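A.B. asks: Taking the numbering used here, the leading residue of the sequence shown gets 73, the next gets one more, and so forth.
Pasting a structure below so you can have a look.
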Amino acid sequence: MFKVNEDYLKLQGSYLFTNIGKKIAAFMEANPEADIIRMGIGDVTQPLAPAIIKSLHAAVDEMGAAETFRGYAPDLGYEFLRKAIAENDYKARGCQIEADEIFISDGAKCDSGNIQEIFAKDNRIAVCDPVYPVYVDTNVMSGRAGIFNQITETWSNVIYMPCTEETGFAPELPKETPDMIYLCFPNNPTGSTITKDQLQVWVDYANKVGAVIIYDAAYEAYISEDNIPHTIFECEGARTCALELRSFSKNAGFTGTRLGATVIPKDLKAGEVMLHSLWARRHGTKYNGAPYIIQRAGEAVYSPEGKEQLAKQVAYYMKNAKYIYENLLAAGYSVSGGVNAPYIWLKTPDNMSSWKFFDYLLEKVNVAGTPGSGFGPSGEGYFRLTAFNSFENTVRAIDRIKAM
Ligand code: PLP
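What follows is the structure, encoded as structure tokens:
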């Protein structure tokens with residue numbers, strides 16, 4: 073009789089956004105006339121920019137002609153895209169990252185979930201609390217998280233770094249020493265950021281204790297303030313302790329088109345072993361690459377027209393974020409985020425639990441957000457709203473909340 077991977081049985085409930093989707097679907101079935109405004113899942117709403125579509129069309133045509141047709145992509149991804157990323161996201165910022173240290177993929181969710189498999193099972197992970205659920209769940213699946221405590225809602229082998237109002241929703245160095253540290257700034261869900269000096273403290277710490285930082289830069293394009301790092305490789309010494317996950321989803325609207333990249337410097341080693349070699353081996357063995365046409369579409373993100381069009385898209389979402397932030401603040405809510413990130417993190421009124429506030433908003437004003445407790449125990453009593461909607465819908469949703 074075959075056996076299943078029992079670590080999967082330890083997972084708690086279904087994925088947060090699957091749960092939310094089910095709740096909204098049930099509400100809609102019971103209230104078919106309800107005009108629901110979705111500000112929950114972090115999915116973009118604007119179409120792909122014209123420069124991207126142009127590049128995509130051209131690549132599709134290439135695939136239809138024998139002379140330009142492409143089959144399997146190179147293991148690490150096409151050189152044209154890896155070079156564009158190295159030049160624009162790293163060298164232009166003074167960071168020493170080479171094209172052959174970049175692995176193209178179909179997105180940061182997959183990479184953030186898969187990367188843990190090149191690490192030993194007995195490594196201890198440290199995560200921010202609240203946190204993007206994928207980091208913890210994928211470590212549960214691989215048997216690294218330990219046992220779940222139903223009362224504290226924490227895993228026995230996971231080191232939690234609470235990000236609370238007192239800490240400005242930033243983590244503090246953990247008391248126990250982790251082997252793998254997940255950091256994501258600008259942060260999902262809180263929308264918080266840390267300065268370059270603060271991130272340098274983490275890099276120094278990781279180098280000192282021999283930990284690796286898995287840095288998720290998915291929201292980098294939303295940074296508006298000067299002293300916030302766009303990549304961990306702006307910090308001195310990051311090449312020996314960090315790898316970085318990048319996504320084309322939030323800066324360029326590739327949530328449905330799928331494109332991402334993972335950067336692993338060749339200096340990042342466990343003893344003599346380069347993590348770069350392990351990930352290259354994994355890519356070569358298990359992954360056949362993001363499609364050529366999508367990688368060409370991704371290249372257009374770095375063209376002058378692409379950059380100009382995408383800056384406008386991001387500015388559009390950030391106008392929404394500003395509207396949400398300022399209006400909820402004026403209405404007496406305690407809010408944060410929304411300045412360098414498309415997420416607004418608000419304290420639920422009257423000490424309502426996060427899920428109670430979710431139900432309350434959905435039922436009273438037909439606005440769907442995300443309960444903070446879904447991101448970890450320190451998210452209880454908080455709620456996340458996203459700026460990924462039309463400005464008109466954002467205004468309608470906030471007006472409804474204000475009128476409650
Ligand atoms: N990382 C973080 C922190 C996210 O919030 C998300 C999506 O919401 C992702 C990664 C997923 O990125 P991708 O669409 O590239 O898989």
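Every residue, glycine too, gets a C-beta built ideally from N, C-alpha and C.
Small disclaimer: the values here were computed from a predicted structure and weren't measured.
On the premise that residue 408 lies in contact with residue 417, defined as a C-beta separation below 8 Å, what is that separation, rounded to the nearest angstrom?
C.D. replies: What you label residue 417 is simply residue 345 of the sequence shown in a count that begins at 1. What you label residue 408 is simply residue 336 of the sequence shown in a count that begins at 1. Contact holds; Cβ gap of about 5 Å.
A.B. asks: If you draw a straight line from the alpha carbon of residue 330 to that of residue 80, how long is it in whole angstroms?
C.D. replies: Locating residue 330 in the sequence shown gives position 258, counting from the first residue. Locating residue 80 in the sequence shown gives position 8, counting from the first residue. Rounded to whole angstroms, residue 330 to residue 80 spans 25 Å at the Cα level.
A.B. asks: Please output, in chain order, the residues near the ligand PLP using a CB cut-off of less than 5 Å to any non-hydrogen atom of the ligand.
C.D. replies: Having a Cβ closer than 5 Å to some heavy atom of the ligand PLP are 114, 179, 180, 181, 204, 256, 260, 288, 290, 319, 321, 332.
A.B. asks: Confirm, please, whether the CB-CB distance from residue 350 to residue 340 is below 8 Å.
C.D. replies: The sequence position of residue 340 within the sequence shown is 268, counting from 1. The sequence position of residue 350 within the sequence shown is 278, counting from 1. Cβ atoms of residue 340 and residue 350: not closer than 8 Å.
A.B. asks: What did DSSP end up calling residue 438 once you bin it into helix, strand or coil?
C.D. replies: Here the question's residue 438 lines up with position 366 in the sequence shown. Residue 438: coil per DSSP, three-state reduction.
A.B. asks: Please go through the region 170–205 and give each complete beta strand (DSSP E) segment of 3 or more residues, from N-terminal end onward.
C.D. replies: Complete beta strand (DSSP E) runs here, min 3: 174–177, 197–201.
A.B. asks: Using CA atoms only, rank isn't needed, just tell me which of 151, 240, 245 is closest to residue 25.
C.D. replies: The structure shown has nothing for residue 25, since the chain only spans 73 to 476.
A.B. asks: Report the rounded CA-to-CA distance for residue 334 versus residue 424, giving the unit in angstroms.
C.D. replies: Here residue 334 is taken as the residue at index 262 of the sequence shown, counted from 1. Here residue 424 is taken as the residue at index 352 of the sequence shown, counted from 1. Rounded to the nearest angstrom, the two C-alpha atoms are 39 Å apart.
A.B. asks: For residue 439, I'd like the list of residues in its chain whose CB is within less than 7 Å of its CB, leaving aside the five on either flank, ordered along the chain.
C.D. replies: Sequence index remark: in the sequence shown, residue 439 carries index 367 (1-based). Counting only Cβ-Cβ distances below 7 Å, and skipping sequence neighbours, we find 109, 111, 433, 469, 472, 473.
A.B. asks: Round the Cβ separation of residue 317 and residue 336 to the nearest angstrom and send it over; I've been treating them as touching at under 8 Å.
C.D. replies: Working through the sequence shown from its first residue, we reach residue 317 at position 245. Working through the sequence shown from its first residue, we reach residue 336 at position 264. Residue 317 to residue 336, Cβ: 10 Å. No contact.
A.B. asks: Could you pull out every residue in the same chain whose Cβ sits closer than 6 Å to the Cβ of residue 120, ignoring the five residues on either side in sequence?
C.D. replies: Residue 120 sits at position 48 when you count from the first residue of the sequence shown. If we look at residue 120 and ignore the five residues flanking it on each side, its Cβ neighbours are 325.
A.B. asks: Once you ignore the five residues that flank residue 452 on each side, which residues in its own chain have a CB closer than 6 Å to its CB?
C.D. replies: By 1-based counting over the sequence shown, the position of residue 452 is 380. Counting only Cβ-Cβ distances below 6 Å, and skipping sequence neighbours, we find 426, 445.
A.B. asks: Give the single residue among 263, 73, 370 whose Cα lies nearest to the Cα of residue 130.
C.D. replies: Walking along the sequence shown from the start, residue 130 turns up at place 58. Residue 130 has its Cα closest to that of 370, out of 263, 73, 370.
A.B. asks: Is residue 376 helix, strand or coil by DSSP?
C.D. replies: Walking along the sequence shown from the start, residue 376 turns up at place 304. Correct three-state label for residue 376: helix.
A.B. asks: Counting Cβ pairs, one atom from each stretch, are 3 or more of them under 8 Å apart for the region 258–272 and the region 296–310?
C.D. replies: The region 258–272 vs the region 296–310: in contact.
A.B. asks: How should residue 376 be labelled, buried or exposed, when 16 other C-beta atoms within 10 angstroms of its C-beta is the threshold for buried?
C.D. replies: Numbered from its first residue, the sequence shown carries residue 376 at position 304. Answer is exposed; the Cβ neighbour count stays below 16.
A.B. asks: Is residue 145 closer than 8 Å to residue 158 when the C-beta atoms are compared?
C.D. replies: On the sequence shown, residue 158 is found 86 positions in, with the first residue counted as 1. On the sequence shown, residue 145 is found 73 positions in, with the first residue counted as 1. No. Outside cutoff.
A.B. asks: Mind checking who residue 408 pairs with in its DSSP beta bridge?
C.D. replies: For the purposes of this step, residue 408 is taken as the residue at position 336 of the sequence shown. Answer is 417.
A.B. asks: With distances taken Cα to Cα, identify the nearest neighbour of residue 441 among 181, 206, 396, 198.
C.D. replies: Position 369 of the sequence shown, counting from 1, holds the residue named residue 441. When only C-alpha atoms are compared, the closest one is 396.
A.B. asks: I'd like to check one pair, residue 294 with residue 186: are the Cβ atoms closer than 8 Å?
C.D. replies: To locate residue 186, count along the sequence shown from 1; it is residue 114. To locate residue 294, count along the sequence shown from 1; it is residue 222. Cβ atoms of residue 186 and residue 294: not closer than 8 Å.
A.B. asks: Quick one: measure Cβ to Cβ for residue 447 and residue 205, integer angstroms, because I've assumed they're closer than 8 Å.
C.D. replies: In the sequence shown, counting from the first residue as 1, residue 447 sits at position 375. In the sequence shown, counting from the first residue as 1, residue 205 sits at position 133. Contact holds; Cβ gap of about 6 Å.
A.B. asks: Of all the CB atoms in chain C, is at least one closer than 8 Å to the CB of residue 476?
C.D. replies: Note that chain C does not occur in the displayed structure, where there is just one protein chain.
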